[in-house]
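Counting in the numbering used here, the sequence shown runs without a single skipped number right up to 745 at its last residue. Read the structure below first, then the notes.
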Amino acid sequence: MSSWKIRYSLVPGVENRYNYTFLLVAFICFVYISIIFVFDTIPSTKIVWNAEGLRGPEETEPVHHKIAIVMIVTKETKPEYYEHAIQSVRCYCKIHGYEFVLAVDSDFNCSHKDKFFRRHCAAAKILPLFDAILFLDADIGIVNPNHRIEEYMENDIDVIFYDRFYNWEIMAGSYIARNTQYAVDLLNEFADYEFKLPKSFHGTDNGALHIFLAEKLFPHASIETDICKKVYAKSNGYEDLFTYEACVRAIFGAGTDFGKVRIKRKGTGWARDGWLTSMLWHPDIDFMFHGWKLNQLKETPAHGLTPNQMGRSQWFNPLSGPIDLSTCSPQNKTWSYDPRLRGNKEDILKSLRKFEEEIAVQQNDRKSIQIPHKTYLGILIIFTIIFCFFTYSPIPRSSGKVTQKFDSTSYEIPSERIAIVAVITNDTNIQSYEIALKSVECYAKVQGYSFILARDSEYKCQNKDKFFRRHCVVSKILSNYSTLLFLDADIGVVNPKKRIEEYLDDNIDIIFYDRHFNFEVAMGSYILKNTPYAKQFFEEFAAYESKLPNSVHGTDNGALHIFLAEKLFPHKKIEIDLCRKAYNHSKNFDDLATYEVCIRAILGAHTDFGKVRIMSKGTGWVRDAWLTSGVWSPDRDFMLHGWKTKELTVTPTGSIKATAMSWSTWYNPFLGEIELTKCFLGNTTWSYNKKLIQDRKSVDAGLVEYEKKVAFNKIRQMGKIFELMNRET
Numbered sequence: 017m018s019s020w021k022i023r024y025s026l027v028p029g030v031e032n033r034y035n036y037t038f039l040l041v042a043f044i045c046f047v048y049i050s051i052i053f054v055f056d057t058i059p060s061t062k063i064v065w066n067a068e069g070l071r072g073p074e075e076t077e078p079v080h081h082k083i084a085i086v087m088i089v090t091k092e093t094k095p096e097y098y099e100h101a102i103q104s105v106r107c108y109c110k111i112h113g114y115e116f117v118l119a120v121d122s123d124f125n126c127s128h129k130d131k132f133f134r135r136h137c138a139a140a141k142i143l144p145l146f147d148a149i150l151f152l153d154a155d156i157g158i159v160n161p162n163h164r165i166e167e168y169m170e171n172d173i174d175v176i177f178y179d180r181f182y183n184w185e186i187m188a189g190s191y192i193a194r195n196t197q198y199a200v201d202l203l204n205e206f207a208d209y210e211f212k213l214p215k216s217f218h219g220t221d222n223g224a225l226h227i228f229l230a231e232k233l234f235p236h237a238s239i240e241t242d243i244c245k246k247v248y249a250k251s252n253g254y255e256d257l258f259t260y261e262a263c264v265r266a267i268f269g270a271g272t273d274f275g276k277v278r279i280k281r282k283g284t285g286w287a288r289d290g291w292l293t294s295m296l297w298h299p300d301i302d303f304m305f306h307g308w309k310l311n312q313l314k315e316t317p318a319h320g321l322t323p324n325q326m327g328r329s330q331w332f333n334p335l336s337g338p339i340d341l342s343t344c345s346p347q348n349k350t351w352s353y354d355p356r357l358r359g360n361k362e363d364i365l366k367s368l369r370k371f372e373e374e375i376a377v378q379q380n381d382r383k384s385i386q387i388p389h390k391t392y393l394g395i396l397i398i399f400t401i402i403f404c405f406f407t408y409s410p411i412p413r414s415s416g417k418v419t420q421k422f423d424s425t426s427y428e429i430p431s432e433r434i435a436i437v438a439v440i441t442n443d444t445n446i447q448s449y450e451i452a453l454k455s456v457e458c459y460a461k462v463q464g465y466s467f468i469l470a471r472d473s474e475y476k477c478q479n480k481d482k483f484f485r486r487h488c489v490v491s492k493i494l495s496n497y498s499t500l501l502f503l504d505a506d507i508g509v510v511n512p513k514k515r516i517e518e519y520l521d522d523n524i525d526i527i528f529y530d531r532h533f534n535f536e537v538a539m540g541s542y543i544l545k546n547t548p549y550a551k552q553f554f555e556e557f558a559a560y561e562s563k564l565p566n567s568v569h570g571t572d573n574g575a576l577h578i579f580l581a582e583k584l585f586p587h588k589k590i591e592i593d594l595c596r597k598a599y600n601h602s603k604n605f606d607d608l609a610t611y612e613v614c615i616r617a618i619l620g621a622h623t624d625f626g627k628v629r630i631m632s633k634g635t636g637w638v639r640d641a642w643l644t645s646g647v648w649s650p651d652r653d654f655m656l657h658g659w660k661t662k663e664l665t666v667t668p669t670g671s672i673k674a675t676a677m678s679w680s681t682w683y684n685p686f687l688g689e690i691e692l693t694k695c696f697l698g699n700t701t702w703s704y705n706k707k708l709i710q711d712r713k714s715v716d717a718g719l720v721e722y723e724k725k726v727a728f729n730k731i732r733q734m735g736k737i738f739e740l741m742n743r744e745t
């Protein structure tokens, strides 16, 4: 065995050109080996390595068996080192009719120096020969042959990874890939990431997988990705590496599906580390175990095993003896097990859940990311902005004098399809929002929408908190329209050429957007369709007032975040409960921001969550006007937030740059008052103050600069999550 070498390439001739003599010899070998494997009776005492994954008549034609399990090794790999694992996989393939492909990476035209990246290049070249492949590390073995690979596949998903149980990593050592161009390209691009590795402790392919997927799946989150890259570039050891991975996982959130890529959450993948439960397993839970290296195999204790962690570099054999491949067939799925390692299902699940809780706490603690001091130079401290958020509220939080009574129906413009709704209280002074409300009313007339200014007291809503009460009102108005756009009273329309329909999607019922000046999901404006899902959603959210903690909870805007997490990620109870602890301990607006960051780590950089969409920064219909000193661009802007009459300031005479100014001031973008009599269908010619109009590039540049500051502040807040969760109250 010591002189054994693998000299097997899946498809001789694909990577190198051979003369016809060699092809003839190869064909004869092909026939010979095929005959041999029809009568395959490999001794159970040792491994004989042969080509078990062969091509069809043409190089690009899939073989008869549609699915292959692929292991890729180097020339130096010792066969006996993984004997138990590979024998179990070979037997499993015989049972289910899968192909088993053991390939040598050097037999493929892959220029990668790192063997871990090289194997993914080889996998990309093998994939086109099958309908799908399951790539496995050589130390992953089958413990339960009754599972099938198809159980984990879905037509709309091309590549499937899974979360490791013992930390927060995405596993690079095993994945399922379907034969699609997308999957082949992804594997090739991932393999080529070797050439982009930082000069740091990078964790080879497993470390690189995280930033690669972030860049691939979240191109709109480049600011957050760049921050994680800085951490990656400074990694000096495993502690730093895990910190970087936690940074990236905050971008992913708790989602599982990312277009054509799926990352299965803990406990739902096909493999796990056996040492987590001292190798105890149960057929209802387990399929494959990772870590079967012969030099780490230990003698199974006679008794006393419990499903708790054992040493990570050791394992017990769950099988009672060696596998006899001659008995492996579709008619024989009965394997001989060591009864000492057959555990109790509930005990195993309880142990795994406990371990998952510990990992979740560690991951939140790990988010205290240390970025080099130089990175912070020039970055403004924006905690004061977070602190001021609730005084900078769309509807006054303190009652003012009633200066005008009104009939809400007088503000309604008939329409059969779409309505714009603002909800106010009896004591709201309409003059405080005159410019904003008139611009919206004019816009509604121009586009043929209904405009409804509703008093909350006219609706049967029992909420004591006026901010929750308005969402109850919205749920009642919704029934009369096909689509509804809810607006805070201080949101005005600056560009009447935009239409609400531009933001609609047939598959989405509710649309929120990310605020630009912090990391909140905005509660002051949203779009919803008249569907049972949307109506129930807002009825439940309005009722969430009764679940508010006895803390600085931020009323509806604070509550929205945990409500969304509970509604959209019911399977993430462990992580949500940790964030709930932070919410319960909140004593000020900085704590509130920390809790919201905790929730955003669950939501990640996703935009779509089933029937709910959260539009990323800069893509929504509203933004704060002060972020660019009132400067706007017709090519990008639709509505601006913060138009309170008492905060209106005279526009400066000099030039105005599209940079942030005081959040409590704004400039009027219009020349003169809005005359509602001139607002008729199709008239989108409004009179503007041209000093406040600039090209999109200038406005975008100002917004991106501010977004970078918010991204850094988000990282800082992450570092406070662990302390806030464990704070004594």
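Quick reminder that beta carbons are idealized off the backbone N, C-alpha and C, glycines included.
Contact set for residue i: own chain, Cβ-Cβ below 7 Å, skip 5 residues either direction
i      : result
Gly157 : His100, Ala101, Ser104, Val105, Met304, Phe305, Trp308
Arg164 : His112
Start-to-end residues for the beta strand (DSSP E) that takes in residue i
i      : result
Ile440 : 434-440
Lys280 : 277-280
Ser190 : 190-194
Gly271 : Note, Gly271: premise wrong, no beta strand (DSSP E); not H, not E.
Residue i (DSSP reduced to helix, strand or coil)
i      : result
Ala538 : coil
Phe133 : helix
Ser498 : coil
Asn348 : strand
Trp648 : strand
Asp640 : strand
Ala148 : strand
Trp184 : coil
Gly223 : helix
Tyr465 : coil
Lys545 : strand
Phe696 : coil
Met677 : coil
Asp208 : helix
Ala101 : helix
N- and C-terminal bounds of the alpha helix (DSSP H) containing residue i
i      : result
Ser238 : 238-249
Leu584 : 571-584
Met734 : 712-734
Met741 : 737-741
Which listed residue (the options) has its alpha carbon closest to that of residue i
i      : options                        : result
Lys563 : Asn546, Thr547, Thr693, Glu582 : Glu582
Ile339 : Phe217, Lys694, Cys107, Ser498 : Cys107
Glu205 : Cys126, Glu261, Pro214, Lys476 : Cys126
His218 : Lys282, Trp351, Asn252, Ser498 : Asn252
Phe228 : Thr350, Tyr260, Ile618, Gln197 : Tyr260
Glu166 : Glu210, Ala237, Trp286, Gly620 : Trp286
Ile279 : Gln347, Ile192, Glu315         : Ile192
Ile375 : Phe535, Cys244, Glu185         : Glu185
Val437 : Asp443, Lys454, Ser466, Thr444 : Ser466
Asp123 : Ala138, Gly508, Ala262         : Ala138
His487 : Phe557, Val537, Ala435         : Phe557
Asn360 : Thr350, Met326, Thr293, Asn348 : Thr293
Cys595 : Ala318, Ile737, Gly269         : Ile737
Closer than 8 Å: residue i CB and nearest the ligand GDP heavy atom
i      : result
Thr644 : With respect to small molecules bound, the structure shown includes none, and the ligand GDP cannot be examined in it.
Sequence-distant residues of the same chain with beta carbon closer than 8 Å to residue i, five excluded per side
i      : result
His601 : Ser567, Asp607, Leu740, Met741, Arg743, Thr745
Asp289 : Arg180, Phe181, Tyr182, Phe305, His306, Gly307, Arg328
Own chain, CB closer than 6 Å to residue i, minus 5 neighbours either side, in chain order
i      : result
Ala550 : Asp525, Ile526, Leu544
Ser714 : Ala674
Asp521 : none
Rounded Cβ spacing between residue i and residue j (contact assumed at less than 8 Å)
i      : j      : result
Asp221 : His112 : So it is not a contact: roughly 28 Å between Cβ atoms.
Leu145 : Ile85  : So it is not a contact: roughly 13 Å between Cβ atoms.
Glu450 : Thr661 : 6 Å
Ala154 : Ala207 : Contact flag wrong, Cβ pair sits at about 18 Å.
Asp716 : Arg652 : 7 Å
Val490 : Phe579 : The Cβ separation is near 15 Å, so there is no contact.
Thr700 : Val462 : 6 Å
Gly636 : Tyr475 : Contact flag wrong, Cβ pair sits at about 27 Å.
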